[in-house]
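Have a look at the structure below before the remarks.
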Amino acid sequence: MSKIGSLGARLHRGEVGYDFVKNRKIWYGISILITITAILGLAVRGLNMGIEFQGGAVFTTPKHMTTSVSQAETYAEEASGHDAIVQKLGDGSLRIQIAGIDTGKSDEIKDALSKDLKVNPEQLNADLVGPSWGKQIANKAWEGLAIFMVLVVIYLAIAFEWRMALAALVALIHDITITTGIYALVGFEVTPGTVIGLLTILGYSLYDTVVVFDSLKEQTKDITKQTRWTYSDIANQSINGTLMRSINTTVVALLPVAGLLFIGGGVLGAGMLNRHLAVAVRRPRGRCVLLDLHRHAARRRPQGARAADEGPAQARPGQAGAGRRAGRARGAGRRRVLRRGARGRRPRGRRPARAGRLPQPGPWPALREAPV
Numbered sequence: 030m031s032k033i034g035s036l037g038a039r040l041h042r043g044e045v046g047y048d049f050v051k052n053r054k055i056w057y058g059i060s061i062l063i064t065i066t067a068i069l070g071l072a073v074r075g076l077n078m079g080i081e082f083q084g085g086a087v088f089t090t091p092k093h094m095t096t097s098v099s100q101a102e103t104y105a106e107e108a109s110g111h112d113a114i115v116q117k118l119g120d121g122s123l124r125i126q127i128a129g130i131d132t133g134k135s136d137e138i139k140d141a142l143s144k145d146l147k148v149n150p151e152q153l154n155a156d157l158v159g160p161s162w163g164k165q166i167a168n169k170a171w172e173g174l175a176i177f178m179v180l181v182v183i184y185l186a187i188a189f190e191w192r193m194a195l196a197a198l199v200a201l202i203h204d205i206t207i208t209t210g211i212y213a214l215v216g217f218e219v220t221p222g223t224v225i226g227l228l229t230i231l232g233y234s235l236y237d238t239v240v241v242f243d244s245l246k247e248q249t250k251d252i253t254k255q256t257r258w259t260y261s262d263i264a265n266q267s268i269n270g271t272l273m274r275s276i277n278t279t280v281v282a283l284l285p286v287a288g289l290l291f292i293g294g295g296v297l298g299a300g301m302l303n304r305h306l307a308v309a310v311r312r313p314r315g316r317c318v319l320l321d322l323h324r325h326a327a328r329r330r331p332q333g334a335r336a337a338d339e340g341p342a343q344a345r346p347g348q349a350g351a352g353r354r355a356g357r358a359r360g361a362g363r364r365r366v367l368r369r370g371a372r373g374r375r376p377r378g379r380r381p382a383r384a385g386r387l388p389q390p391g392p393w394p395a396l397r398e399a400p401v
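Using this note's numbering, read the sequence shown as starting at 30 and increasing by one per residue.
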């Protein structure tokens, strides 16, 4: 553990670090591959919307039922003519969910289920959701998500700059796309709790992004006044400086969520899937999404400030020859001025004396003898 703490301190001081800017294309490639897979999952399988969004009925049986889940699913599908989802709760009761049915037929389905399950119809609880109410809930969920993202972009544009706000928006869309795609591939039901989980994902995603952006803004405040560090170097330092803290918070957050996901089971496990994805998915993206910002910043800075993005002042290819040619031209111009006198060219014989120097003998190399 002491080695891990020492590594974190060295990362924060900039003594060691991972070159995110240099290797950003690898992470972008992995992210694009996962995103394409998620989009294909959404296009092929689609989301398994719960009855809260498409309407239907939920029947709850008494406690300590001896009927198996598969047998209850068969009874429900035969009684309703629709696909049914049956879950066994902790007290032994069964939760039978049938989506897309007409609420007017709920009494018939209830009677058939009570006969097949051999329970009293009065003990079989039925909760009905109309299709119009489900559509209203879905619209409200999308409106809340859109308003949240707009407010986040406005805040980041004011606190930092619009380029960072745009990068954060792309990161949020990336995280939501991957999470919903995994939901489609796994086949978990989408409920209002899933929407709450998506908002949680946005919170997790923004936390890491804002931390990195704040560090980047603080360290690039006076970048135009020096040429020692490039914008890429400072971006790497900002990401590496917060890397260990992000790893620690990720591990601490994943432990309880993973316990509920793998041990809780049922509705509890399904509800924890999006929380687990929220913590796990955001890390690689949060470290790589802003790695191209130095190019945008270099474009908007004046020419003198762009030198800070190109590194320390040094002779680039082609500059050395140009410098020598310019020096020879300046020297030739000075010699021409010295050769001219009040009546034309100076006579051959001695060089003109400069202030603080004695005349030196010798002819001018390129000076012809003036006529007498």
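Heads up, the beta-carbon is just placed ideally off N, CA and C, and yes, glycines get one too.
Whole angstroms are fine: how far does the CA of residue j sit from the CA of residue i?
{"i": "residue 184", "j": "residue 57", "result": "26 Å"}
{"i": "residue 197", "j": "residue 170", "result": "21 Å"}
{"i": "residue 71", "j": "residue 250", "result": "43 Å"}
{"i": "residue 65", "j": "residue 189", "result": "30 Å"}
{"i": "residue 133", "j": "residue 100", "result": "25 Å"}
{"i": "residue 124", "j": "residue 215", "result": "20 Å"}
{"i": "residue 284", "j": "residue 208", "result": "19 Å"}
{"i": "residue 48", "j": "residue 174", "result": "34 Å"}
{"i": "residue 149", "j": "residue 90", "result": "9 Å"}
{"i": "residue 191", "j": "residue 242", "result": "12 Å"}
{"i": "residue 355", "j": "residue 203", "result": "With a pLDDT of 47 at residue 355, under the threshold of 50, the predicted position of this residue should be treated as unreliable, and no value is reported."}
{"i": "residue 279", "j": "residue 74", "result": "30 Å"}
{"i": "residue 180", "j": "residue 167", "result": "20 Å"}
{"i": "residue 263", "j": "residue 60", "result": "23 Å"}
{"i": "residue 176", "j": "residue 240", "result": "22 Å"}
{"i": "residue 182", "j": "residue 232", "result": "13 Å"}
{"i": "residue 112", "j": "residue 238", "result": "42 Å"}
{"i": "residue 224", "j": "residue 217", "result": "13 Å"}
{"i": "residue 195", "j": "residue 247", "result": "19 Å"}
{"i": "residue 136", "j": "residue 83", "result": "19 Å"}
{"i": "residue 54", "j": "residue 178", "result": "26 Å"}
{"i": "residue 131", "j": "residue 236", "result": "44 Å"}
{"i": "residue 172", "j": "residue 193", "result": "24 Å"}
{"i": "residue 76", "j": "residue 259", "result": "45 Å"}
{"i": "residue 110", "j": "residue 187", "result": "55 Å"}
{"i": "residue 151", "j": "residue 140", "result": "10 Å"}
{"i": "residue 27", "j": "residue 116", "result": "In this structure the chain extends from 30 to 401, so residue 27 is not present and cannot be described."}
With distances taken between CB atoms, is the gap from residue i to residue j smaller than 7 Å?
{"i": "residue 200", "j": "residue 234", "result": "yes"}
{"i": "residue 121", "j": "residue 85", "result": "no"}
{"i": "residue 142", "j": "residue 108", "result": "yes"}
{"i": "residue 94", "j": "residue 219", "result": "no"}
{"i": "residue 244", "j": "residue 267", "result": "yes"}
{"i": "residue 50", "j": "residue 265", "result": "yes"}
{"i": "residue 126", "j": "residue 114", "result": "yes"}
{"i": "residue 96", "j": "residue 146", "result": "yes"}
Out of the options, point me to the one whose CA is closest to residue i's CA.
{"i": "residue 164", "options": "192, 221 and 146", "result": "221"}
{"i": "residue 62", "options": "148, 226, 278 and 210", "result": "210"}
{"i": "residue 2", "options": "205, 187 and 98", "result": "Missing from the structure shown is residue 2; the chain here goes from 30 to 401 and no further."}
{"i": "residue 155", "options": "179, 166 and 87", "result": "87"}
{"i": "residue 213", "options": "50, 69, 166 and 97", "result": "69"}
{"i": "residue 92", "options": "248, 153, 224 and 136", "result": "153"}
{"i": "residue 118", "options": "98, 82 and 187", "result": "98"}
{"i": "residue 81", "options": "259, 136 and 159", "result": "159"}
{"i": "residue 144", "options": "116, 105, 193 and 52", "result": "105"}
When you measure from the CB of residue i to every non-hydrogen atom of the ligand COA, does any distance come out below 6 Å?
{"i": "residue 97", "result": "The model depicted lacks the ligand COA and carries no ligand whatsoever."}
Report task. For the segment 265–279 and the segment 222–230, state whether three or more C-beta atom pairs, one from each stretch, are separated by less than 8 Å. Result -> These segments do not touch.
Query raised in the report: Residue ranges of each alpha helix (DSSP H) run of no fewer than 4 residues wholly in the segment 204–250, ordered along the chain?
Result: Within the segment 204–250, the complete alpha helix (DSSP H) runs of at least 4 residues are 221–248.
Query - Whole beta strand (DSSP E) elements within the segment 125–157, 3-residue minimum - result: Taking only runs of at least 3 residues, no beta strand (DSSP E) segment lies wholly in the segment 125–157.
Requested in this report: Would you mind listing the beta strand (DSSP E) stretches within the segment 78–132 that are 3+ residues and don't spill past its ends, in chain order?
Outcome: Taken in chain order, the whole beta strand (DSSP E) runs of length 3 or more contained in the segment 78–132 are 85–89, 113–117 and 123–128.
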